[in-house]
Amino acid sequence: MKMPRILPTILMSLLCLAIAGLAVSQTSGESTSTVQVPATAAGNLLSQWLQAFNSGDKDTIQKFLSQHLDPATVPDPARRLRMELGLREQTGGFELEKIESSSERQISGIVKEKNSARRARITLKVSDHDDSRIGEFGVELVQGPPPPGPPAEGPPPAKEPVSQLTQEVDAKLTELAADGEFSGAVLLAKDGSVLWEKAYGLADREAKILNTVNTRFRLGSMNKMFTSVAIAQLVQQGKLKFTDTVAQVLPDYPNKQVAAKVTVEQLLTHTSGLGDYFTPEFDQKKDSMHELKDYLPLFANRPLEFEPGKDWRYSNAGFLVLGLMIERLSGESYYDYVQHHIYDMAGMKDSGSPPVTQKVPELAVGYTREKENDDKGPLKPNTDTLPWRGSSAGGGDSTVGDLLKFDQALRNNKLLSPEMTRLITSGKVHPPQFPASVKYAYGFGEKLVDGNRIVGHNGGAPGMNAELDMHLDTGYTVVVLANRDPQVAEEWARYISARLPGTSTRAAGSPKLARR
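Shown next as structure tokens:
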């Protein structure tokens with residue numbers, strides 16, 4: 018069974034890792050059946066690395082790195098470990114599919130991510146100083162067999178008239194839905210007016226219920242935007258400061274040492290070092306965790322993964338703590354606060370985080386591959402992977418129309434002041450594993466496409482994938498929701514966003530959000 022996971026993909030789901038001076042790039046390639054690794058010095062190191070990496074165990078990975086990395090090529094072992102753990106979290110591990118080239122001291126092969134249909138090329142060279150150590154190591158994203166989405170992007174695509182673009186996307190999604198490879202809904206709007214929206218595939222395969230534009234889909238990590246807005250509202254009310262520590266807001270937080278160090282801003286930007294709570298223990302206890310405070314034992318007493326503010330790693334635990342702050346300062350449950358102060362204010366009538374035991378009209382069933390490594394394998398409902406209820410880190414549900422309402426409420430300052438809106442959506446940190454054009458703000462991702470600023474978030478887990486792109490300079494809104502595995506919704510959102518016409522009338526990267 019796949020572990021339920023809110024994927025740390027921000028706005029661009031790129032496998033980005035540069036180790037020992039090897040840069041990440043995108044190429045095309047083929048994949049074949051898994052093959053045995055040659056018994057060479059390079060092959061043995063590759064086999065041992067894959068075994069340690071796929072274990073997902075921090076101590077096992079750390080032991081391998083300490084024993085088999087050339088210290089001369091790794092100036093910061095702790096940072097390298099965090100990069101490996103982040104890559105493992107994002108991909109779910111790798112399955113070796115092909116050895117491309119092999120010699121005694123160098124090897125290259127194609128691997129497939131367990132969390133998606135993406136492939137990557139791994140290259141490894143033995144150290145010149147010690148045959149038992151890795152001297153150079155690189156991972157680069159490859160296209161592989163076409164996944165159920167648009168082709169990998171190379172050079173910037175040509176802009177298209179909206180009518181032509183929507184016809185093109187509609188034709189392809191109709192074809193993919195007929196083949197059972199896409200299921201979801203898409204919306205494109207300009208200045209708040211819907212230009213095109215359509216649904217594809219089945220919301221319930223067993224009952225043969227079709228998806229519609231009113232179908233509710235699970236959002237994964239997209240709920241982090243709502244948590245960010247709620248925190249910013251409390252800051253506006255004078256109940257909180259972004260510089261406050263956890264200890265100041267939650268004096269009863271179990272780990273006093275951590276609470277004294279970590280600030281609200283670091284929680285919002287994933288620079289707290291708190292890490293994640295999706296662990297085997299989560300799988301065992303997920304059905305008994307009904308309130309946000311029930312999650313604390315999963316992570317509160319663990320040591321920080323790095324000193325707060327010194328690095329970046331996607332942290333669902335951090336956003337769980339933000340939810341507890343909202344509850345403490347507002348006197349409402351997190352769910353009631355978001356309902357009253359965000360959904361109701363934006364006019365979002367079909368959004369929420371209901372328990373799995375509650376019957377929700379028009380909520381799509383999520384479908385995931387029964388076999389993780391089989392792109393065409395049978396689908397099964399994702400119900401056994403779901404938590405009892407979503408949290409402030411993600412897991413709620415919404416519709417394409419409601420997300421457009423959120424977009425417009427945010428742009429038109431119905432939820433926050435213009436200054437606060439600009440503040441929470443302007444990029445603060447550049448995650449080292451992402452392109453230079455991508456930054457993380459306060460619960461929002463920010464990227465530049467052709468000089469135009471796009472803000473939003475995505476989310477994914479087995480049987481769910483979603484993305485909201487708010488084109489702040491050109492007025493477009495792109496929403497893609499799917500009741501299928503990542504990265505299909507994200508891929509199509511990027512495909513549409515990259516081809517929309519229009520150029521910015523302001524400087525690239527301007528923090529202006531509210532439209533005039």
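So in this note's numbering, the last spot in the sequence shown is 533, and the numbers never skip. Every residue, glycine too, gets a C-beta built ideally from N, C-alpha and C.
Kindly confirm or deny that the segment 368-377 and the segment 259-273 touch, where touching means at least three C-beta pairs closer than 8 Å.
Contact fails between the segment 368-377 and the segment 259-273, because fewer than three Cβ pairs, one in each stretch, are under 8 Å apart.
Roughly how many angstroms separate the alpha carbons of residue 363 and residue 192, rounded to a whole number?
Computed Cα separation, rounded: 35 Å.
Taking all protein chains shown into account, decide if residue 358 is buried (16 or more other Cβ within 10 angstroms of its Cβ) or exposed.
buried
Span of the beta strand (DSSP E) around residue 424
Here residue 424 belongs to no beta strand (DSSP E); instead the alpha helix (DSSP H) covers 417-428.
Helix or strand or just coil, what does DSSP make of residue 375?
coil
For residue 149 versus residue 85, is the C-beta spacing smaller than 8 Å?
yes
Going by alpha carbons, who is nearest to residue 114 out of 129, 311 and 257?
129
Extent of the continuous alpha helix (DSSP H) to which residue 300 belongs:
297-302 is the span of the alpha helix (DSSP H), which, as asked, contains residue 300.
What whole-angstrom Cβ distance do residue 500 and residue 481 have, given they're in contact under 8 Å?
6 Å
Considering Cα atoms alone, identify which of 177, 220 and 179 is closest to residue 197.
220
Can you look up residue 482 in the DSSP assignment and give me helix, strand or coil?
strand
To which residues does DSSP link residue 475 through a beta bridge?
484
Rounded distance between the beta-carbons of residue 460 and residue 256, thought under 8 Å
Not really, about 18 Å apart at Cβ, beyond 8 Å.
Residue 111, enclosing beta strand (DSSP E) - first and last residue:
111-119
Report the CB separation of residue 396 from residue 496 in whole angstroms; it is logged as a contact under 8 Å.
Residue 396 to residue 496, Cβ: 23 Å. No contact.
Would you grab the beta carbon distance between residue 304 and residue 405 for me? Rounded to a whole angstrom, and I think it's under 8 Å.
5 Å
Residue 332, buried or exposed, once every other Cβ within 10 Å from all chains shown has been counted against 16:
Under this definition residue 332 is a buried residue.
Does DSSP put residue 336 in a helix, in a strand, or in coil?
helix
Please classify residue 263: does DSSP put it in a helix, a strand, or coil?
helix
Cα-Cα separation, residue 338 to residue 67
A straight-line Cα-Cα distance of about 33 Å links residue 338 and residue 67.
Just checking, does the segment 242-255 make contact with the segment 322-332 on the three C-beta pairs under 8 Å criterion?
Contact fails: fewer than three Cβ-Cβ distances are below 8 Å.
Along the beta strand (DSSP E) that carries residue 463, what are the first and last residues, could you check?
462-466
Proximity of residue 399 and residue 416 at Cβ, strictly below 8 Å:
no
Inspect the CB distances between the segment 502-517 and the segment 482-493 and report whether three or more fall short of 8 Å.
yes
Pull up the DSSP beta-bridge partners for residue 216, would you.
202.
C-alpha distance - residue 403 paired with residue 334, whole-angstrom precision
17 Å
Residue interval of the alpha helix (DSSP H) (run including residue 191)
179-195
From residue 382 to residue 316, what distance separates their C-alpha atoms?
About 30 Å.
For a test of the three-state rule: what should DSSP assign to residue 518, helix, strand or coil?
coil
Beta-carbon spacing of residue 511, residue 182 below 8 Å:
no
Check residue 384 in the structure and name its three-state DSSP category.
strand
Helix, strand or coil for residue 349, going by three-state DSSP, please let me know.
coil
Taking residue 127 as part of the beta strand (DSSP E), name the residues at either end of that continuous run.
123-130
Look up residue 241 in the DSSP assignment and say whether it is helix, strand or coil.
Residue 241 falls in the helix class under three-state DSSP.
Straight-line CA distance for residue 107 to residue 69?
Approximately 16 Å between the Cα atoms of the pair.
Confirm, please, whether the CB-CB distance from residue 233 to residue 353 is below 8 Å.
no
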